[in-house]
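Going by this note's numbering, the first residue of the sequence shown is number 540, and it counts up by one from there. Beta carbons are placed, not taken as given, at the ideal position from N, Cα and C, and that holds for glycine.
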Amino acid sequence: MNQQRLFNIYVYVVSVFGLASIIFAVANLDTSGLNTSTLILILGALLITSRLTLSLPRSNSHLSFSDTMIFFSFLFFSGELAILLAVLEISISCFFLKTKGVVFERNALVFNVFSVAMGTAGTLLVWRSLPFLGLTNDYLTTPNLITSLGILAFAQFAFISTLAAGYYSLKRAASFWKTWKIEGFSISMTQIAGAGLAGVAYKLISYSDLVTIGVSLLVLGIAYLNYRQLLRDINESIDQAEKAERDKTEIARAKAEEVEEHAKQLKLLLEKEEDISRDLRQSKQDLEYAAFHDNLTDLPNRAYLIERLNLLLQLGPEVAKRYYVLFLDLSRFKNINDSLGHTVGDEVLRVVALRLRRCLRDEDTIARLGGDEFAIILNDLSSLQEAKSYAYQIYDHLTQPYVIHGNKIFSDLFIGIAPFDYEQLKPEDILRDADIAMHSAKEENVSVAVFDKDVRSKYLEHIRLEGDLRYAIEREELALNYQPLISLKGGEIVGFEALLRWYHSELGFISPGVFIPISEDTGSVIPITKWVLAEACNQLQEWRERSEVFRDLTVSVNISGRHLADRSLVTDIEEALEISGLPATHLKLEITESTAMENAERSIETLNEVSNMGVKLSIDDFGTGYSSLSYLHRLPFDTLKIDRSFVLNVGENGEDSGILQTIVSLTKTLKKEVVAEGIETEKQLELLRDLGCEYGQGYLFSKPLPGDEIETLLYQKTSFLPFADQSSSSDSFEQPATEVPHRYA
Ligand code: C2E
Ligand code: MG
Ligand code: MG
């Protein structure tokens, strides 16, 4: 059977029994002892007792006196009245509860009324059985009264609680026993309290007069109210204590939460710090890596290589002597960059790094020094021969064509090998030895060269000159010599070529053939030429101002290709002319043929600018370069200087004069002046005159001389031709003063 149906049957059965109990009570009610005032008194008392409740501290149960009048009725009147009072009392209680907002379920009210009627009827049955249990109706003896009331209270409790538990267990489909413990047991207090109060009332009414009853009731009322107040106070302080406890718990919980939050934050902070320090460690590692590696090829860099060499030096000569340092320089790499762009250039360098890694062992150190330079430390070799064979292997690998972005690129390279020289205490020196070896490979145009100590001293001297040259002007070590330029027709001086001299304070005279190329390499040729221009212009202007006879003299200054490519040349010339006051037409610039042709388009531009200023231009060492006739035509030069090698080759019998003849006739065709350099013999002079060469310069006339000696010469000589008439005070051709001889000359 289903639960709901069972429940409905239960309610129905209880209702039927309850109703039967009420009908029975009404039908059998003995009203003989009841007059109206007693009834009113009973109802009043019922009303009061049903409202008397004491809520027990720390308990859900209430001490209710609602059953007092029911039990009282059993003692004083009859069980039937008790049934009716019970029905009345439950109705009043439900009514009050409803007014307080308690909502009753559909059947609950009816069930309450009928179950109380049925329960009380059950109690009546027990009550009526008391005499059979040996209990008399004499309640005036206290034990009798207590036993009877106890049985009454227990019976009432048992019936009412059982009926209530039945109702709820069926309704909720829960265990009867559990439901009874929850719903039924708590009402036991109502029966106990009601029985207690009924007993007291019974005793009072039986033994006392009205005044005593009144006083007793008053005392009981006051006691009740006091007790109620006391209970309320207790409940309140318990509530307060509980609230304080709750607050404390709440505070503790909040604190715990706070601590937990704090711990969480701390954990986060620690994690963050851990992250930061990990990042820091990582970036430190990255920085360290970056400090010792090349970005482009990911190879170790110069700093790394130096560190490694340092380490090897510390291992001592026995270990170090088995190591070799290779210096690699890719030739024509600049061309790749210029013609195909830096992206292709970078790619070539990456491939070079890759090929080097492939053809060497893991223990060898490969480093990129910068640009197209690489260095390698070959580990633990038995001989120089082994190092050489590695070098040739590298050469073979790196000279294979590179195919990059569809371009097939060929690159050559030079390799210098330096054995680990233990006399060299600095790693930089070992690397420099390999660099020197690489340079000698370049000079000799071989793929691999081994370092040798002679080359090192030459190189070191070169380095020293390079450094010293920067300070040569301020140390006043530079001077100009002037070599006269002679008219081959009349023999008179027409001008000079200013030739630079370096008298090194420690090394003595150093030839321009040695230091000019160095100065061109380092760029110091530009400030030096600026000084030469100023010096030469000042000197010539000074001489021109001496006499009318010297007015037409010119001075030639040699200009290097490096300076020609620099914008400062024009301003340097302007400055020199302006400061000296020399007219532009008296200054001549000598530019070697190869320089002029090297970057002809740019040269034309600058030379035109200079030529427009009125400055004369001369092509020096003509015949040694490869002049393009079209450029020769376009260059704004006035003079061609035939290189001394052509003059030198003109022998006694006039051999090789054909070239000279061609050059001279070319200048005639181009309508330029022609100067022959290096005339040392009268034969050469004669031939050049015969060919129609207008001007000449050479030891036959004069060596380059310092300014003061030229000055004497200017005053003494009117003709420099050895066979011509000497019209000046000096009658004979004087041997020019010799220059300071020196190992650098
Ligand atoms: P260069 O411009 O061709 O100068 C002529 C060189 O021939 C000078 O050499 C001169 O002394 C030498 N010489 C003249 N006549 C004779 C001769 O009859 N026989 C022989 N054997 N030699 C003769 P120097 O002074 O040693 O100059 C060498 C080169 O140095 C010059 O050749 C020039 O290219 C360069 N040079 C000299 N001074 C300067 C300068 O101030 N600036 C630049 N850029 N280069 C300079
Ligand atoms: Mg010259
Ligand atoms: Mg020359």
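query                                                                                                           : result
Minimum length 3: unbroken beta strand (DSSP E) runs contained in the region 1088–1124                          : 1093–1097
Nearest residue (CA-CA) to Ala1073, options Ala1037, Arg1228 and Leu620                                         : Ala1037
Exposure of Ser603, with buried meaning 16 or more beta-carbon neighbours within 10 Å                           : buried
Cβ-heavy atom distance, Leu1224 to ligand 1, below 7 Å                                                          : no
Whole-number beta carbon distance between Met657 and Leu709, since they are thought to touch under 8 Å          : About 16 Å; that fails the 8 Å criterion.
Cβ pair Arg861, Leu923 closer than 8 Å                                                                          : no
Bridge-paired residues (DSSP) for His1043                                                                       : Gly1047
heavy atom of ligand 3 below 7 Å from Lys1242 C-beta                                                            : no
Three-state class that DSSP yields for Tyr929 in the structure shown                                            : helix
CA-to-CA distance, Met1136 to Leu888, given in whole angstroms                                                  : 32 Å
Cβ-based burial, Trp1082 [other Cβ within 10 Å; buried from 16]                                                 : buried
Sequence-ordered residues whose beta carbon comes within less than 7 Å of a heavy atom of ligand 2              : Glu1036, Ser1095, Asn1097, Glu1129, Asp1159 and Lys1180
Three-state secondary structure (DSSP) of Gly689                                                                : helix
Residue range of the alpha helix (DSSP H) that includes Ser1157                                                 : Not the alpha helix (DSSP H): Ser1157 falls in the beta strand (DSSP E), residues Lys1155 to Phe1161.
Three-state class that DSSP yields for Val1053 in the structure shown                                           : helix
Lys1180 versus Gln1236 - alpha carbon distance                                                                  : 10 Å
Same chain, Cβ closer than 6 Å to Phe1259, neighbours up to 5 away in sequence not counted                      : Ile1025, Gly1030 and Phe1240
Cβ shell of Gln779 (< 7 Å), same chain only, five flanking positions each side left out                         : none
Buried versus exposed, by CB contacts within 10 Å (16 or more), Gly1052                                         : exposed
Whole-angstrom distance between His832 and Ser1169, CA atom to CA atom                                          : 51 Å
Simplified DSSP assignment, three categories, for Gly640                                                        : coil
N- and C-terminal bounds of the beta strand (DSSP E) containing Ile1130                                         : Leu1126 to Thr1131
Boundaries of the alpha helix (DSSP H) in which Gln730 is found, first to last residue                          : Ser727 to Tyr746
Best match in Ala980, Glu813 and Met608 for proximity to Leu580 [C-alpha to C-alpha]                            : Met608
Given Glu1059 as reference, the closest of Asn1097, Gln1022 and Met977 once Cα atoms are compared               : Asn1097
Rounded straight-line distance, which links the Cα of Leu1019 to that of Arg1090                                : 21 Å
Sufficient close CB pairs (3 or more, under 8 Å) joining the region 753–767 to the region 631–648               : no
DSSP three-state assignment for Asn874, whether helix, strand or coil                                           : helix
Thr1277 classed as buried or exposed, judged by whether at least 16 other C-beta atoms fall within 10 angstroms : Interpretation of Thr1277 is limited by its pLDDT of 40, a score under 50 that renders its predicted location unreliable; no figure is taken from the coordinates.
Meets three-Cβ-pair contact criterion under 8 Å: the region 883–897 and the region 943–954                      : yes
Beta-carbon spacing of Val626, Ser554 below 8 Å                                                                 : no
Straight-line gap, Gln932 to Leu865 (C-alpha atoms, nearest Å)                                                  : 12 Å
Asp1182 beta carbon near ligand 3 (any heavy atom closer than 7 Å)                                              : yes
Cutoff 8 Å: Tyr863 Cβ touching any chain B Cβ                                                                   : Among the chains in the structure shown there is no chain B, since it carries only a single protein chain.
Three-state secondary structure assigned by DSSP to Lys782                                                      : helix
One or two residues paired with Val942 in a DSSP bridge                                                         : Lys947
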